[in-house]
Each structure stands twice: as structure tokens, then as C-alpha cells.
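Residue numbers (the numbering used here): 169 to 266.
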């Protein structure tokens with residue numbers, strides 16, 4: 169079911185638990201759900217997360233350099249949380265709120 173929903177809607181749904189999530193962990197989950205198990209899929213999903221943050225629906229709470237290569241060695245990992253605006257948009261998209 170999750171793989172049938174638009175990616176950004178699913179991302180909002182995952183963040184709607186109001187917990188902080190690292191982008192690399194969300195990306196791995198999304199890759200499995202949407203069968204996007206390649207570097208292009210990984211980076212596309214991460215870009216969607218960045219767009220949601222740029223649109224004010226997610227907020228970065230901390231970041232760190234990926235020294236171990238869990239996502240991409242040397243790149244920044246971000247931990248995000250949903251914003252009130254993101255909760256409203258999730259509700260507008262008829263997503264079941266956790």
C-alpha cells in the first residue's frame with residue numbers, strides 16, 4: 169500500500185509520528201517500499217526530504233558528517249522532525265495521523 173502513495177505523502181506519513189528521524193534511515197525504508205534500490209533512487213528520495221524541509225513541512229534538528237559512509241561518506245546527515253505546517257499538510261492530504 170505505501171508504495172502506491174505519492175512519495176512525498178508517504179514521507180509526511182512517516183514523519184507524522186512526531187519523532188526525530190535521520191534522513192538516511194528514512195531513505196532506506198523508502199527504498200524498500202518503493203523498490204528504488206539504487207543510488208539514483210536513494211538520492212531522489214533524499215531530495216524529496218530536502219524539498220519538504222525547504223517547504224517548511226520538516227525541520228532539521230541536527231546534522232552530522234557521514235564519516236562511516238552509512239549514506240554517502242563525507243556528506244551531511246540530517247535529523248528531521250515534522251512541523252505544525254507539515255502536520256496540516258499531511259492532514260489536508262488525508263493521511264492517517266499517528
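Here a beta-carbon is modelled for each residue, glycine too, at the ideal position from N, C-alpha and C. Remember, predicted model here, so these are calculated numbers, not experimental data.
Can you tell which of the options has the C-alpha that lies nearest to the C-alpha of residue i?
i: residue 174; options: 222, 198, 186 and 244; result: 198
i: residue 200; options: 220, 188 and 178; result: 178
i: residue 237; options: 192, 184, 257 and 215; result: 192
i: residue 208; options: 249, 251, 240 and 187; result: 240
Can you tell me whether DSSP reads residue i as helix, strand or coil?
i: residue 173; result: coil
i: residue 255; result: helix
i: residue 200; result: helix
i: residue 229; result: strand
i: residue 195; result: helix
My guess is that residue i and residue j are in contact by the Cβ rule of under 8 Å, so how many angstroms apart are they, rounded?
i: residue 210; j: residue 195; result: 6 Å
Residues in its own chain within less than 6 Å of residue i by CB, not counting five upstream and five downstream?
i: residue 246; result: 191, 228 and 231
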